[in-house]
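Participant:
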Amino acid sequence: MNKEITSILFFLLIATIFTGCGTKEVVGIVPQPVNIEVKSGTFLINEKTKIVVNGDNEASQKTAEYFAEQFRKVSGLELDIVEGGSRIKNSIYLCNQTDEEHAAEGYEMLIDRQGVVITGDPAGIFYGIQTLFQLLPSEIYGSSPAGDMDWEVAQVHIIDAPRFPWRGMHLDVSRHFFPVEFIKKYIDLLAMHKLNVFHWHIVDDQGWRMEVEKYPLLTEKGAWRDGSMEGWDYFVGPPVEGGPVYGGYYTQVEIKEIVQYAADRFITVVPEIELPGHSRAVLDAYPELSCTGKPFDKEGAVHHYLPPYCAGKEETFRFLEDVLTETMELFPSEYIHIGGDEVPKERWEVCPDCQQRILEEGLENTQELQSYFITRIEKFVNARGRKIIGWDEILEGGLAPNAAVMSWRGIEGGVEAARAQHPVVMSPVTHCYFNYCQTEDPAASEVPCGEYTSLEKIYLYEPVPDTLNSEESGFIMGAQGNVWTEGIETPEQVEYMALPRMSALSEVVWSSRSQRDYADFSARMDAHYLRMDQMGVNYFKE
Ligand code: ACM
Ligand code: ZN
32 MNKEITSILF FLLIATIFTG CGTKEVVGIV PQPVNIEVKS GTFLINEKTK
82 IVVNGDNEAS QKTAEYFAEQ FRKVSGLELD IVEGGSRIKN SIYLCNQTDE
132 EHAAEGYEML IDRQGVVITG DPAGIFYGIQ TLFQLLPSEI YGSSPAGDMD
182 WEVAQVHIID APRFPWRGMH LDVSRHFFPV EFIKKYIDLL AMHKLNVFHW
232 HIVDDQGWRM EVEKYPLLTE KGAWRDGSME GWDYFVGPPV EGGPVYGGYY
282 TQVEIKEIVQ YAADRFITVV PEIELPGHSR AVLDAYPELS CTGKPFDKEG
332 AVHHYLPPYC AGKEETFRFL EDVLTETMEL FPSEYIHIGG DEVPKERWEV
382 CPDCQQRILE EGLENTQELQ SYFITRIEKF VNARGRKIIG WDEILEGGLA
432 PNAAVMSWRG IEGGVEAARA QHPVVMSPVT HCYFNYCQTE DPAASEVPCG
482 EYTSLEKIYL YEPVPDTLNS EESGFIMGAQ GNVWTEGIET PEQVEYMALP
532 RMSALSEVVW SSRSQRDYAD FSARMDAHYL RMDQMGVNYF KE
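Following this line, the structure appears as C-alpha cells:
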C-alpha cells in the first residue's frame, strides 16, 4: 500500500472514531429506537428554522409549541410555527399521518441538510420530538439560557415504534406527599423515556390525597397524620393535639392541571383508589364505613395490613360510587385502578353485616366476598364506559369479568389472567419495585431500602413469560415500575430510587426484544446522564 492511501485510510479511521459515523453510541438515544441509521452530516437549528405543522392538527400544534418553548428557554431563539402541507427548507416538519404504514405511537424521522421531517400519528410525532431532543446537545434539557451553542443534530433516518401499549411508572404519594411541581417533573421524566402511563397511587392507609367534594373529611382529616414518627410506621395515626402534623393533598384544580399536563405529553394518568383494603385514612375520617363503626386502633393489630371497608354495609358502596364518580370526572383514563391488594379478612369473618352479605349472595367465604366487592365496583365503573385494573389479589375468589390484572407478587397472577384472556400489566416485585435497593449493600444507599435489584436485572426483564403461547402473550399490555414511598421522603429521594431504572425499563417496554444489550445501553447512558444533569435529576450512579 502506498503511503498516500495509507494516510487516507488512517484519516478515515480517525474521522470515523471521532464522528462516530454509523455508530449508535454517539447519538445515545434512550430508549433505543427500533431502527436508526446515522449519516455523516448535520443539520443546524437556527433563528430562521421554522416548525411546520401539516393540516389543522391541534395535537401536533401543541407538540410544536412544546418543542419551541423548551428550545426558547435554552437558546433564547423563537422558532416560528407555521401551517403547511409539505416541508420547506430549514424546517422541522411535523407530518401528521395516521395510516397503516405507520405503527400506532410510532414515527419516522428523517434529518438531512434541509431539516427534520417527523411523520407519524400525534403520539408518534411527540416521540419523534423526544428523539430530536436527544439528538441535540444535552443543554436542550436545561431550564435557563445555555449560552453560545450550536444546536446541531446528526443526519439520521429513524423508524421507531413501541413494543407495548402500557409503558408505566407508578408513584405512591400517600406514604409521603410530593408537591405538584415534582409530579410535573416526574411526568417530564416519563415523557423523556417515551413512557405513557402514570399510575398515581393517590390514596392509601397513611393518607388520602385527592380532594373529593362530596366527602370533605377525606382531605380535612384523611390527608394528615401524626408527624412525630421517626422512620416509617405503618400504624401511624391521626395528628395528636398540639403535636407535629404531616401530610398534604391535591385539589381538584391541581389534579385537572396535572392530568392535562400529562395528556399534553401523551401520558395517561391512571388514578388508584384503593379498595377494599389500604383504606385506613378513609375509615378514620368516616368510621361508619368500617366493620366496627369505630376508627382504627393500633392495639390489637395483627399485621400492617389494616382493616378494610365493611363489605356488608350498603353505605360502603354508596360512598365508593360517589368517590369513583368524582374520580372518573377528574381522570379520563380508560382504566381506573381499584387496588385490591393485601386485604385482611379477619374482621369480615366476624362482622355480622359481612356475614349477612355472604349468606344473601350465596358466597362460600371471605375470598368470594372480596370478589363480590370488586365485581360490584367493576359493574359500576363499566356502566360509565370505563374499565378496572387491580393488583393480582383480585384473582382470588374469582376475577371480575372485565378486569385487567397488575401482576406484582410475581408473574403467576399475570400468567393466570392472560390465560383467562384478561389484559395484564407486569410489575413483579422481583424486577419492577424501584423502592428496592440499587446498591448491593443497603447501608450504601442514600435512601432506606430493602432487597437489592440491580439496574442490569431490570434492564433484562422480559414482560412476556415464556410459558404463554402467542395468543395468551397478546394479553400482556406491558410493564410498569413502581415507587412505593414508605422509606422515600423527598422528591430527590424519589429521583435517586427511580433513575436510571426508569431508563432501563423504557427499553424493556419500548425497544424490540432482540435489541436488548446491556453493554450498549450502558454506553448510551453516558449521554443520557448528561441530559438528566441538565434537568437537575438526583439519579443514582454507581
Ligand atoms: C403492593 O405492592 N401491595 C401492590
Ligand atoms: Zn363488615
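Counting from 32, one number per residue, gives the positions in the sequence shown under the numbering used here. The beta-carbon is built from N, C-alpha and C at its ideal position, and this holds for glycine as well.
1) Run the CB neighbour count on Ser542, radius 10 Å, all protein chains shown included, and call it buried at 16 or more, exposed below.
2) Report all residues from its chain with a CB closer than 8 Å to the CB of Met508; omit the five preceding and five following residues, and keep chain order.
3) Quick one: is the Cβ of Gly268 within less than 8 Å of any heavy atom of the ligand ZN?
4) What residue does the alpha helix (DSSP H) around Tyr527 start on, and which one ends it?
5) For the alpha helix (DSSP H) containing Gly159, name the first residue and the last one.
6) Out of Gly173, Glu244, Pro275, Val271, which one is the CA nearest neighbour of Leu561?
7) According to DSSP, is Lys325 part of a helix, a strand, or is it coil?
8) Which residues in the same chain as Glu78 place their Cβ atom closer than 6 Å to its Cβ, once the five residues preceding and following it in sequence are excluded?
9) Which residue or residues does DSSP assign as beta-bridge partners of Met200?
10) Identify whether Ile218 lies in helix, strand or coil by the three-state DSSP scheme.
11) Can you tell me which residues form a DSSP beta bridge with Arg256?
12) Along the beta strand (DSSP E) that carries Tyr366, what are the first and last residues, could you check?
13) Can you check DSSP and say which residues form a bridge with Met563?
14) Report back the beta-carbon spacing between Ile123 and Val147 to the nearest angstrom; my notes put them in contact at under 8 Å.
15) Short of 8 Å in beta carbon distance, which residues of its chain neighbour Lys225, apart from the five on each side in sequence? Order them along the chain.
16) Say the cut is 8 Å; is the CB of Tyr172 nearer than that to a heavy atom of the ligand PLP?
17) With hydrogens ignored, establish whether the beta-carbon of Val460 is closer than 8 Å to any heavy atom of the ligand ACM.
18) Leaving out the 5 sequence neighbours to the left and right, which residues in its chain are closer than 6 Å to Ser38 when beta-carbon positions are compared?
19) What's the call for Leu390, buried or exposed, on a 16-neighbour Cβ count within 10 Å?
20) For Tyr246, which residues in the same chain have their Cβ closer than 8 Å to its Cβ, ignoring the five residues on either side in sequence?
21) Within the same chain, show all residues whose beta-carbon is closer than 7 Å to that of Val446, passing over the 5 residues directly before and after it, in chain order.
22) Do Asp3 and the ligand ACM come close, with the Cβ less than 8 Å from some heavy atom?
23) Is the beta carbon of Tyr265 within less than 8 Å of some heavy atom of the ligand ACM?
24) Return the CA-CA distance between Glu346 and Glu443, expressed in angstroms with no decimal places.
25) What is the residue span of the alpha helix (DSSP H) that His462 lies within?
26) In terms of residue numbering, what span does the alpha helix (DSSP H) encompassing Asn127 cover?
27) Rounded to whole angstroms, what is the Cα-Cα separation between Gly53 and Gly72?
Facilitator: Put simply:
1) For the purposes of this step, residue 542 is taken as residue 511 along the sequence shown, with counting starting at 1. Answer is buried; the Cβ neighbour count reaches 16.
2) Position 477 of the sequence shown, counting from 1, holds the residue named residue 508. Correct list, in chain order: Phe195, Pro196, Trp197, Ala435, Pro454, Val455, Val456.
3) For the purposes of this step, residue 268 is identified with residue 237 of the sequence shown, where counting begins at 1. False, no ligand heavy atom lies under 8 Å from that Cβ.
4) In the sequence shown, counting from the first residue as 1, residue 527 sits at position 496. Here the alpha helix (DSSP H) through Tyr527 covers 522-529.
5) Within the sequence shown, residue 159 is the residue found at index 128, counting from 1. Residues 153-166.
6) Position 530 of the sequence shown, counted from the first residue, corresponds to residue 561. Closest option to Leu561, Cα to Cα, is Gly173.
7) In the sequence shown, the residue the question calls residue 325 occupies position 294. Coil at Lys325, not helix or strand.
8) Taking the sequence shown and counting its residues from 1, the one referred to as residue 78 is at position 47. Only Leu108 meet the Cβ criterion.
9) For the purposes of this step, residue 200 is taken as the residue at position 169 of the sequence shown. Answer is Phe229, Gly512, bridged to Met200.
10) Taking the first residue of the sequence shown as 1, we reach residue 218 at position 187. Looking at Ile218 - three-state DSSP - the assignment turns out to be helix.
11) The count along the sequence shown starts at 1 and reaches residue 256 at position 225. Note: Arg256 sits in a beta bridge opposite Tyr277.
12) In the sequence shown, residue 366 corresponds to position 335, counting from 1. Its beta strand (DSSP E) spans residues 366-370.
13) The residue labelled residue 563 in the question sits at position 532 within the sequence shown. None, per the DSSP bridge assignment.
14) One-based indexing of the sequence shown puts residue 123 at position 92. One-based indexing of the sequence shown puts residue 147 at position 116. The Cβ separation is near 4 Å, so the contact holds.
15) Within the sequence shown, numbered from 1, the residue matching residue 225 stands at position 194. Pro62, Tyr158, Gln161, Pro193, Arg198, Ser537, Trp541, listed in sequence order.
16) With respect to the ligand PLP, the structure shown offers nothing to examine, as its ligands consist of the ligand ACM and the ligand ZN.
17) Position 429 of the sequence shown, counted from the start, is the residue given in the question as residue 460. Yes, the Cβ of Val460 comes within 8 Å of a heavy atom of the ligand ACM.
18) Reading the sequence shown from its first residue, position 7 is the one you call residue 38. Its pLDDT being 44, under 50, Ser38 is placed unreliably in this model, and the value from its coordinates should be taken loosely. Taken in chain order, the list of residues that qualify is empty.
19) Position 359 of the sequence shown, counted from the first residue, corresponds to residue 390. With fewer than 16 other Cβ atoms within 10 Å, it is exposed.
20) In the sequence shown, counting from the first residue as 1, residue 246 sits at position 215. Cβ neighbours of Tyr246 beyond the five flanking positions: Ala316, Tyr317, Phe350, Asp353, Val354.
21) Locating residue 446 in the sequence shown gives position 415, where the first residue counts as 1. These residues qualify, in order along the chain: Pro496, Thr498, Leu499.
22) With the chain running from 32 to 573 in the structure shown, residue 3 is simply not present.
23) As a working mapping, residue 265 is identified with position 234 in the sequence shown. Result no, Cβ not under 8 Å from the ligand ACM.
24) Taking the first residue of the sequence shown as 1, we reach residue 346 at position 315. Taking the first residue of the sequence shown as 1, we reach residue 443 at position 412. Those two C-alpha atoms are separated by around 35 Å.
25) By one-based count along the sequence shown, residue 462 stands at place 431. Here the alpha helix (DSSP H) through His462 covers 460-463.
26) Counting from one through the sequence shown, the residue named residue 127 turns up at place 96. Premise fails: Asn127 lies in the beta strand (DSSP E), 122-127, not in any alpha helix (DSSP H).
27) As a first step, residue 53 is located in the sequence shown; it is residue number 22 there, counting from the start. As a first step, residue 72 is located in the sequence shown; it is residue number 41 there, counting from the start. Note that Gly53 has pLDDT 39, beneath the 50 cutoff, so the model's placement of it is unreliable and the number below is only indicative. Spanning the two alpha carbons is a distance of roughly 11 Å.
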